[in-house]
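Undergrad: Here the sequence shown is numbered in the working numbering, starting from 7 and rising by one per residue.
For glycine and all other residues, C-beta sits at the position ideal for the given N, C-alpha and C.
Note that the structure is a prediction, hence the values are computed from the model and not measured.
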Amino acid sequence: MVRLVEPLIPALRRYARALLRDPHVADDLVQDCLERAIARWHQRRDGGDTRKWIFAIMHNLAMDQLRRTRARAGDIPLDAADDTMLSVPPAQEDQLRYGDVLRALEQLPDEQRSVVLLVSVEDMSYEEAAKVLDIPTGTVTSRLARAREKLLRIMRGAGRDTGGDGRHADGKPVLRRVK
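1. Taking the CB atoms as reference points, tell me whether Ser-120 and Leu-139 lie closer together than 8 Å.
2. Once DSSP output is grouped into helix, strand and coil, what is the label at Pro-142?
3. In whole angstroms, what is the alpha-carbon distance linking Val-125 and Ser-148?
4. By how many angstroms is the C-alpha of Glu-117 removed from the C-alpha of Arg-173?
5. Output the residue ranges of the alpha helix (DSSP H) runs that lie fully inside the region 21-66 and measure 4 residues or longer, sorted by chain position.
6. Taking C-alpha atoms, which residue in Thr-56, Gly-105, Thr-90, Asp-52 lies nearest to Lys-137?
7. Looking at the secondary structure, which residues open and close the alpha helix (DSSP H) in which Arg-119 lies?
8. Considering only the beta carbon of each residue, do Val-127 and Ala-24 sit closer than 8 Å?
9. Identify, in the order they occur along the chain, each residue of the same chain with its Cβ nearer than 7 Å to the Cβ of Pro-13, setting aside the five sequence neighbours on each side.
10. For Pro-29 and Arg-9, I'd like the C-alpha separation in whole angstroms.
11. Within this structure, are the beta carbons of Leu-18 and Ile-44 separated by less than 8 Å?
12. Thinking just about the alpha-carbon of each residue, which of Met-161, Ala-68, Arg-74 is nearest to the one in Asp-106?
13. Would Arg-32 and Leu-40 qualify as a contact pair, given that the criterion is a beta-carbon distance under 8 Å?
14. Tell me whether the beta-carbon of Tyr-21 lies closer than 8 Å to the beta-carbon of Leu-111.
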């Protein structure tokens with residue numbers, strides 16, 4: 007079991023951090039995932055893909071946690087905020103782009119964000135992602151296409167749809183960041 011699970015831990019941490027955007031909460035999620043996998047190891051299919059099985063556990067735990075968090079979303083006390091919440095992002099251009107991408111990912115619905123992270127970050131095939139998320143492969147394809155389109159619009163600065171003439175529907179010009 008250790009031989010199969012241990013190499014997956016870095017990928018589980020990346021996926022959890024990308025989904026939850028809080029390293030401490032993400033580490034707790036990985037711990038919960040590993041505990042559940044160990045406790046239910048006997049339920050795993052012999053010869054089944056351990057990676058898909060554990061990522062499915064991680065995804066389900068993360069979605070449950072996100073639903074609970076949204077249900078009680080609100081302000082947090084200052085002493086509960088960690089340093090990343092209170093710090094100023096660095097001024098380097100790469101960090102700015104990275105922050106832009108993370109913010110754009112945050113604007114995607116959970117279903118689309120999960121597909122993007124599994125396929126693009128964790129390098130899963132569409133079929134593997136479909137099994138992890140327990141959805142048809144065609145649904146993965148369509149969610150990924152919609153997510154990529156929305157990410158492109160957001161990254162280009164067109165959070166609102168334009169008529170293609172560089173102006174918003176209200177006639178004001180779309181402001182784009184100069185690179």
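TA: Considering the structure as presented:
1. The residue labelled residue 120 in the question sits at position 114 within the sequence shown. The residue labelled residue 139 in the question sits at position 133 within the sequence shown. Yes, Cβ-Cβ distance for Ser-120 and Leu-139 is below 8 Å.
2. The count along the sequence shown starts at 1 and reaches residue 142 at position 136. The three-state reading of DSSP puts Pro-142 in coil, since its state is none of H, G, I, E or B.
3. For this step, residue 125 is matched to residue 119 along the sequence shown. For this step, residue 148 is matched to residue 142 along the sequence shown. For Val-125 and Ser-148, the distance between alpha carbons rounds to 13 Å.
4. To locate residue 173, count along the sequence shown from 1; it is residue 167. To locate residue 117, count along the sequence shown from 1; it is residue 111. Bear in mind that the predicted position of Arg-173 carries a pLDDT of just 48, short of 50, making it too unreliable to give a figure here.
5. Correct list: 29-45.
6. For the purposes of this step, residue 137 is taken as the residue at position 131 of the sequence shown. Looking at the Cα atoms, Thr-56 is the closest of the given residues.
7. Sequence index remark: in the sequence shown, residue 119 carries index 113 (1-based). Per DSSP, Arg-119 is one residue of the alpha helix (DSSP H) stretching across 116-122.
8. For the purposes of this step, residue 127 is taken as residue 121 along the sequence shown, with counting starting at 1. For the purposes of this step, residue 24 is taken as residue 18 along the sequence shown, with counting starting at 1. Yes, these two residues count as a Cβ contact at 8 Å.
9. Looking up residue 13 in the sequence shown gives position 7. So the list is empty, once near-sequence residues are dropped.
10. Stepping through the sequence shown from its first residue, residue 29 is reached at position 23. Stepping through the sequence shown from its first residue, residue 9 is reached at position 3. Here the alpha carbons of Arg-9 and Pro-29 stand approximately 25 Å from one another.
11. Stepping through the sequence shown from its first residue, residue 18 is reached at position 12. Stepping through the sequence shown from its first residue, residue 44 is reached at position 38. The criterion of a C-beta distance shorter than 8 Å is not satisfied by Leu-18 and Ile-44.
12. Along the sequence shown, read from residue 1 onward, the residue named residue 106 stands at position 100. Measuring from the Cα of Asp-106, the nearest candidate turns out to be Met-161.
13. By 1-based counting over the sequence shown, the position of residue 32 is 26. By 1-based counting over the sequence shown, the position of residue 40 is 34. Note on identity: in this sequence residue 32 is Ala, with Arg being the wrong assignment. Cβ atoms of Ala-32 and Leu-40: not closer than 8 Å.
14. Taking the first residue of the sequence shown as 1, we reach residue 21 at position 15. Taking the first residue of the sequence shown as 1, we reach residue 111 at position 105. Going by beta carbons, Tyr-21 and Leu-111 fall outside the 8 Å limit.
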